[in-house]
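Mind the numbering: the sequence shown is residues 2 to 393 in this note's numbering, read in order.
Glycine is no exception: its CB is placed at the ideal position from the N, C-alpha and C atoms.
What follows is a short report on a single structure.
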Amino acid sequence: MQVPERFSNLPEYAFPRLRALLDHHAPGGPVVAMTIGEPRHEMPPFVAEVLQANTHLFAKYPVNEGIPELLDAISAWLARRYGVSVPHAQIMALNGTREGLFNAALALCPERKNGARPVILAPNPFYQVYAVAALAVGAEPVYAPATAATGYLPDYTALAPEVLDRVAIAYVCSPSNPQGAVADAAYWRSLLALAEKHDFRIFADECYSEIYRASPPPGALEVAAQMGADPERVLSFHSLSKRSNLPGLRSGFVAGGPDSIRRIRQLRAYAGAPLPEPLQHVAATTWGDEKHVDRSRALYQQKYALADRVFSHVPGYKGPDGGFFLWLPVPDGEEAALKLWQQTGIRVLPGAYLAREQDGFNPGKGFIRVAMVTPIDEIQDALIRLRDCLYR
Ligand SMILES: Cc1ncc(COP(=O)(O)O)c(C=O)c1O
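Take a look at the structure:
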């Protein structure tokens, strides 16, 4: 039977590739998983109670765009965090940001841009859903290196004007996965000016926004509001997975211009999977609480300090400004991941699995990604063993 051609060049997903690389070798010590970005700090204490109080709502089809309590809580959070006023009509509840990052492209990428095939921009390396979204809508994915030379964020301003004129959507992740780079207000301002000039939308993946080293990363919505930008320029994606250690709740949201959100809602009403209402109540309570977020962030900040101490003598080491990944330079990421597994039992992800080769260069190849999700009392030992294996 026939299958679509457009996904034929898609590489195997990172985790099956990792299993193929490692699993026929025995671990060289107690297994420590530092591969997947699955937070393991404590969940907020009220989850079970709120869920129990709302179990009767499993008997109902859930509200597509989000129950009013959830939209209220998100709107209040956006006001507290970024000083922006976002009404319900500009928010859509998501089943986690991954589906939203994908479905928003379906809802908003035009068939043609300036008479040609549209382009979707993604940083390289990047969170893999961006590429699949581009392929699904028939756009040409264009990857911009996000390396030391560009401050680990994509420099879209360096792209040729002919390419920029075809751009429909530009994905940006801040704090970025995998490098932990934070876009400052100047970065957002320059990107917004570029988007205005070449008439494209910015999809700001800000799901690590609450995990940071020193000061809260500025948000795309906040900078857009300060500039008086067209509200349709930016869609900002947030999640409870990382902020609140609830990756299994599958709860996030997208906020942006009213027309964009209306189109996203319409498509999801036909084909989407709304978040069950009892879970929407849990999400509403969770956006309203910062105590658990502060506690979790304090643990990540201890982890940053620990990583800085352990890797201070490693040439090219740069601790993350946000998020919970270390992006460590090595001669070859696959070789390093295999050596580490065979000699210590620590599992990390080769950076190349998160990037695309362009002009013979894969910007992730000389890196491994280390998820600092391991509990605080185990992480020091794991990082020291990692350093001693790869850098001694
Ligand atoms: C950069 C980035 N964006 C989005 C997501 C998706 O998060 P969720 O769907 O759990 O909200 C992740 C999860 O790992 C991520 O790393």
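So what does DSSP say about E93, is it helix, strand or coil? It should be pointed out that residue 93 corresponds to Met in this sequence rather than to Glu. Three-state result, M93: strand.
Under the rule that 16 or more other beta-carbon atoms within 10 Å means buried, what is I385, buried or exposed? exposed
Are N96 and R251 close, meaning C-beta to C-beta below 8 Å? The beta carbons of N96 and R251 sit closer together than 8 Å.
Is the segment 324 to 340 touching the segment 85 to 105 in the sense that three or more CB pairs, one from each, lie closer than 8 Å? no
Does the distance from the CB of T98 to the CB of H293 come in under 8 Å? Contact flag unset, no.
May I ask you to check if the CB of S245 is nearer than 7 Å to at least one heavy atom of ligand 1? S245: no, Cβ never under 7 Å from ligand 1.
Helix, strand or coil: how does DSSP classify D231 here? coil
Can the beta-carbon of D290 be found less than 8 Å from the beta-carbon of P63? no
Determine whether the beta carbon atoms of F47 and T286 lie at a separation below 8 Å. T286 sits close to F47, with the two beta carbons spaced by under 8 Å.
Over what stretch of residues does the beta strand (DSSP E) that includes P142 continue unbroken? 141 to 146
Taking the straight line between their C-alpha atoms, what separation do you get for G139 and L355? 21 Å
In chain order, what are the residues with a CB under 6 Å from some non-hydrogen atom of ligand 1? Qualifying residues come out as G38, G97, T98, R99, Y128, C174, N178, D206, C208, S240, S242, P248, G253.
Of the residues S261, E43, P321, P146, which one's Cα is nearest the Cα of A123? P146
Proximal residues to Q281 (C-beta, below 6 Å), its chain only, five neighbours per side dropped: Cβ neighbours of Q281 beyond the five flanking positions: I68, L71.
In DSSP terms, what D206 is bridged to: C174, F238.
Other residues of its chain near L79: CB distance less than 6 Å, five sequence neighbours each side excluded: The beta carbon of L79 sits closer than 6 Å to the beta carbons of V85, V87 from its chain, once the five residues preceding and following it are set aside; these are given in chain order.
Residue burial classification, Y14 (beta-carbon count within 10 angstroms, cutoff 16): exposed
Got a sec, what are the start and stop residues for the alpha helix (DSSP H) G334 sits in? 334 to 345
Quick check on DSSP: helix, strand or coil for L350? L350: strand per DSSP, three-state reduction.
Start-end ranges of the alpha helix (DSSP H) lying completely within the segment 262 to 322, minimum 4 residues: List check, alpha helix (DSSP H) in window: 278 to 288, 292 to 312.
Alpha-carbon spacing of E257 relative to A284, whole angstroms: Residue identity differs from the one stated: residue 257 is Gly in this sequence, not Glu. One C-alpha to the other measures close to 19 Å.
Residues bridged to F103 by DSSP? DSSP lists no partner for F103.
Between the segment 30 to 38 and the segment 366 to 379, can you find at least three pairs of beta-carbon atoms closer than 8 Å? yes
Burial state of T345, where buried means 16 or more other Cβ atoms lie within 10 Å: buried
C-alpha distance - V33 paired with P119, whole-angstrom precision: When only Cα atoms are considered, V33 and P119 end up about 43 Å apart.
P124 in three-state terms, based on DSSP: strand
Could you check if K114 is buried or exposed, using at least 16 other CB atoms within 10 Å of its CB as the buried criterion? buried
Helix, strand or coil: which one does DSSP assign to A215? It is coil, neither helix nor strand.
Taking its Cβ as the centre, do 16 or more other Cβ atoms sit within 10 Å of L416, making it buried, or is it exposed? This structure leaves residue 416 out entirely; the chain is present only between 2 and 393.
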